[in-house]
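Chemist: To start, I am sharing the structure in question, which I have written as structure tokens.
In our numbering, the protein residues as written are 757 to 887.
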């Protein structure tokens with residue numbers, strides 16, 4: 757198994773650089789052909805969402821759809837798919853960044869009573885606590 761970096765994943769999804777997109781597609785195709793899943797870390801997904809929002813101005817709904825497709829792909833592996841699905845649901849319904857929800861879900865999964873934050877908008881949501 758080989759892990760994908762954020763830049764490879766973004767090229768694969770956005771197709772904004774023809775040469776890099778082709779290389780990313782070919783890499784993933786070889787992995788699928790070899791029945792060798794590609795690993796995507798939680799950090800890479802958080803970075804990807806940030807890039808899609810800030811650089812490419814994708815809407816939350818578009819990003820949510822892309823995340824759903826990635827999480828459902830058989831040729832991709834994740835350390836904590838259940839946690840990511842919960843974070844995705846919260847991201848789709850909430851106002852916080854995807855990373856905020858990933859961090860919260862990891863905290864809750866590890867038995868924490870919540871995630872302490874200064875972000876006032878998140879304090880209205882389950883699992884976030886005021887500092």
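We put the CB at the ideal spot given by N, CA and C, even for glycine.
Quick one, which of 816, 769 and 812 has its alpha-carbon nearest residue 826's?
Modeler: Closest option to residue 826, Cα to Cα, is 769.
Chemist: What are the boundary residues of the beta strand (DSSP E) that residue 873 is part of?
Modeler: Looking at the DSSP string, the run of the beta strand (DSSP E) that includes residue 873 is 871-873.
Chemist: If you draw a straight line from the alpha carbon of residue 879 to that of residue 873, how long is it in whole angstroms?
Modeler: Rounded to the nearest angstrom, the two C-alpha atoms are 8 Å apart.
Chemist: Using the three-state DSSP reduction, which class does residue 794 fall into: helix, strand or coil?
Modeler: Strand at residue 794.
Chemist: What number of angstroms, rounded off, separates the C-alpha of residue 797 from the C-alpha of residue 759?
Modeler: The alpha-carbon atoms of residue 797 and residue 759 are separated by roughly 8 Å.
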